[in-house]
Structure formats: C-alpha cells, structure tokens
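Peer 1: After the structure tokens below, expect a handful of questions from me.
Listed below in structure tokens is the structure:
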C-alpha cells in the first residue's frame, strides 16, 4: 500500500498536467496520485466534493481547482470570481478536514497582494491592503485560503498550507482569448495571425500587443512550478504560505514576452502596441528569498527556452488545446 494517496483538484489544467508529467517521470512507488477535473464533479457543490473524497480516499491534497481568467475577464466578473472560488475552497478544505487528510497544499497567486505596496512583495504582506481593483473578487477569495489554513491549524492542528506562484505558463494552458493570461493569449493570437489569410505575406502582418508593453511580470514555467509544489507537499511543513517564483532579476516586460513569442514562432511581421487596451497592475515583483533559503540550488528553466517549448507544444497540439 502507498504511504500517500494524493488527490490533485484542477488536475487536468496547466499546473495539474505539469505535476502529472513530473510524477510520471519519477514513478514514486510509495505514492498514489489522482488527477481530477470538472468532469469528475462540481467542487462548488459540497455533496459532490464529498463524493470525490469518498471515491479516492486521499491522505494528501494539492488544491489547484479555481475559477480563473485573464485581466479583462476578471474585470467583468468580480462577483462570480469571488463567490465561486469561496465555495470551491471552503468545500475542499472542510472535506479534507472531515476525511482527516494529513496535508493540503493550496495554490494562491501573486495577484492577491495589495495594489499599493512596497516591492518586492513577500509572504508576510498578503493582507496589508486592498488588491488591484481589476481582480478584487478572485484576490479576496484566494486570500481567504490563507485565513482558513491558519484557522484550521489553530482549532484542529491541520497542516493546511499554500503556495504563491508568480505568473504560470507552459503546455496545456488555457488559450481561450476571453479567458487566457498573457503568454497563452499571445501564443493563440500569434498562431492565428500567422495561419489565417495565408495569401497575405507574413512580412506584411502586424501583431498587436495589448497595452504599452511596459508592465513587468515574473513568469514561472509550469514544469518548474510542478517540481516545487511536489517538494512543498513532501517537505514543507508550515501553515505559512511560501512564494514560488523566479528570481527578481528574471522579471520580464510584456514587450519582452511579445518578442520571445514572436521569436519562437519565427514571426517575420511587425509588433505594434495597442495603447487603447488596459495595462493592468504595472508590477507585482515577488521575493523568493524564503524559497531560496530552503532550496538554494533550484534551477529554473530559462525564459526563452520555456517559451519556445510552450509554443512548440501549442503548434503540435493546436486541435486539442483549450481555446
């Protein structure tokens, strides 16, 4: 019998698929892993959540499931993002408690941090002020996981913790232009621009980058994040959250991202910036000092290489990619 039975909610998405790939490469003999998605049950529904836990009987949980979207989707749907995520998170944590799970690792996001804050941000600053107005529904719902983790620990001694990754990208992302984040959104639009209207020479095509291109972001490749989340599940034993991010000096501008995507497609046209589109939060630089103190030698995949891999995956899996 395996010593751990791990349930991964949201296991069919970007991070879940990455964790699954890493686990398959490791083939651990003392762990049994189950990756579930929306087809396995609605986590907004408590009875369906309980049925999932009854079926798989997990001892450990990686909680990735969430209602997510890009900047413009969040701006239009703050109420839905707030209510759905509060329900999902409460159902998963309470059911994990009811089933005496030894550990739950939930996934937060750097967008939950205060909009007005000194940089770099770290794990101690989550609740220091309101988040950016563009995604306050999602942000407050995710912040509540940290509150719940502490409350479960204080009352029941539960080892429920959370990780805070920076912007994630990689194979199996969501490329839907209404829902996607910046890198998959660019990959989708670049591929469409190149393949549509083949009678127009590529040199004459123009790729429009939304906004000024000046905002700065840290991006973590999904496989790197998967390795770190597996480490958290096995070795990090604190209810206090931990930032999982590339180093501060690896921050990229949106213009840098557009250039990397264009290079990966070998795009021969022109990049132009559509300044009528919102930039969103200018920066949200995160400190990974806590992570580096615990894992000083962890090697992140180089940004350009990981973008190239992500673009190649999309080109090869265009028909089955989420879009």
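Numbering (our numbering), first residue to last: 39 to 361.
Think of the CB as a built atom: it goes at the ideal place given N, C-alpha and C, for glycine as much as any other residue.
In this text, all values refer to a predicted model and were calculated from it rather than measured experimentally.
Return yes when the Cβ of residue 213 is within less than 7 Å of the Cβ of residue 324, no when it is not.
Peer 2: Counting from 1 along the chain shown, the entry for residue 324 is found at position 286. Counting from 1 along the chain shown, the entry for residue 213 is found at position 175. For residue 324 and residue 213, no; Cβs fall outside 7 Å.
Peer 1: Please report the distance separating the alpha-carbon of residue 268 from that of residue 92.
Peer 2: If you number the chain shown from 1, residue 268 lands on position 230. If you number the chain shown from 1, residue 92 lands on position 54. Using only the alpha carbons, I get a separation of about 23 Å.
Peer 1: Please report how far the alpha carbon of residue 107 lies from the alpha carbon of residue 144, in whole angstroms.
Peer 2: One-based indexing of the chain shown puts residue 107 at position 69. One-based indexing of the chain shown puts residue 144 at position 106. Approximately 18 Å, taken between the alpha carbons.
Peer 1: Quick check on the DSSP output: the beta strand (DSSP E) that includes residue 144 runs from which residue to which?
Peer 2: As a first step, residue 144 must be located in the chain shown, where it is residue number 106. Here the beta strand (DSSP E) through residue 144 covers 141-145.
Peer 1: Can you tell me the Cα-Cα spacing of residue 70 and residue 152, whole angstroms?
Peer 2: Within the chain shown, residue 70 is the residue found at index 32, counting from 1. Within the chain shown, residue 152 is the residue found at index 114, counting from 1. Cα to Cα, the separation comes out at about 38 Å.
Peer 1: Can you give the Cα-Cα distance for residue 352 and residue 104, rounded to whole angstroms?
Peer 2: Against the chain shown, residue 352 aligns to sequence position 314. Against the chain shown, residue 104 aligns to sequence position 66. Distance between the alpha carbons of residue 352 and residue 104: 23 Å.
Peer 1: Looking at the strands, I want to know which residues DSSP matches up with residue 290.
Peer 2: If you number the chain shown from 1, residue 290 lands on position 252. DSSP lists 255 as partners of residue 290.
Peer 1: Exposed or buried, what is residue 331 when buried is set at 16 or more other beta-carbons lying within 10 Å of its beta-carbon?
Peer 2: As a working note, residue 331 is residue 293 in the chain shown. Flag for residue 331 reads exposed.
Peer 1: Under a three-way DSSP split, which group does residue 176 fall into?
Peer 2: As a position in the chain shown, residue 176 is number 138, starting the count at 1. Helix.
Peer 1: Which runs of the alpha helix (DSSP H) fall wholly inside the region 51-134 and span at least 4 residues, in chain order?
Peer 2: The qualifying runs are 52-64, 84-94, 109-114.
Peer 1: What is the DSSP secondary structure of residue 260, counted as helix, strand or coil?
Peer 2: Walking along the chain shown from the start, residue 260 turns up at place 222. Three-state DSSP puts residue 260 in a helix.
Peer 1: How close, in whole Å, do the beta carbons of residue 202 and residue 147 come, if the pair is a contact with beta carbons under 8 Å?
Peer 2: Indexing the chain shown from 1 puts residue 202 at position 164. Indexing the chain shown from 1 puts residue 147 at position 109. 7 Å between Cβ atoms; contact.
Peer 1: Where does residue 162 sit, in a helix, a strand or coil, going by DSSP?
Peer 2: Start at 1 with the first residue of the chain shown, and residue 162 comes out as number 124. Here residue 162 sits in helix by DSSP.
Peer 1: Taking the beta carbon of residue 114 as the centre, do at least 16 other beta carbons fall within 10 Å, making it buried, or is it exposed?
Peer 2: As a first step, residue 114 must be located in the chain shown, where it is residue number 76. Under this definition residue 114 is an exposed residue.
Peer 1: So residue 349 is in the beta strand (DSSP E); what residue range does that whole segment cover?
Peer 2: Taking the chain shown and counting its residues from 1, the one referred to as residue 349 is at position 311. Note, residue 349: premise wrong, no beta strand (DSSP E); alpha helix (DSSP H) at 341-354.
Peer 1: If you check the beta carbons only, do residue 258 and residue 196 fall under 7 Å apart?
Peer 2: Against the chain shown, residue 258 aligns to sequence position 220. Against the chain shown, residue 196 aligns to sequence position 158. Going by C-beta atoms, residue 258 is not nearer than 7 Å to residue 196.
Peer 1: Going straight from the alpha carbon of residue 290 to that of residue 181, what length do you get?
Peer 2: Mapped onto the chain shown, residue 290 falls at position 252. Mapped onto the chain shown, residue 181 falls at position 143. Looking at the two C-alpha atoms, the distance is approximately 25 Å.
Peer 1: Residue 18 lies in the alpha helix (DSSP H); which residues open and close that run?
Peer 2: Summary: the structure shown does not reach residue 18, with the chain confined to residues 39 through 361, and so no result is reported for it.
Peer 1: Apply the 10 Å Cβ neighbour rule to residue 165 and answer buried if 16 or more other Cβ atoms are within range, or exposed otherwise.
Peer 2: Numbered from its first residue, the chain shown carries residue 165 at position 127. Answer is exposed; the Cβ neighbour count stays below 16.
Peer 1: In angstroms with no decimal places, state the Cα-to-Cα distance between residue 55 and residue 81.
Peer 2: Numbered from its first residue, the chain shown carries residue 55 at position 17. Numbered from its first residue, the chain shown carries residue 81 at position 43. Near 19 Å, if we compare the C-alpha coordinates of residue 81 and residue 55.
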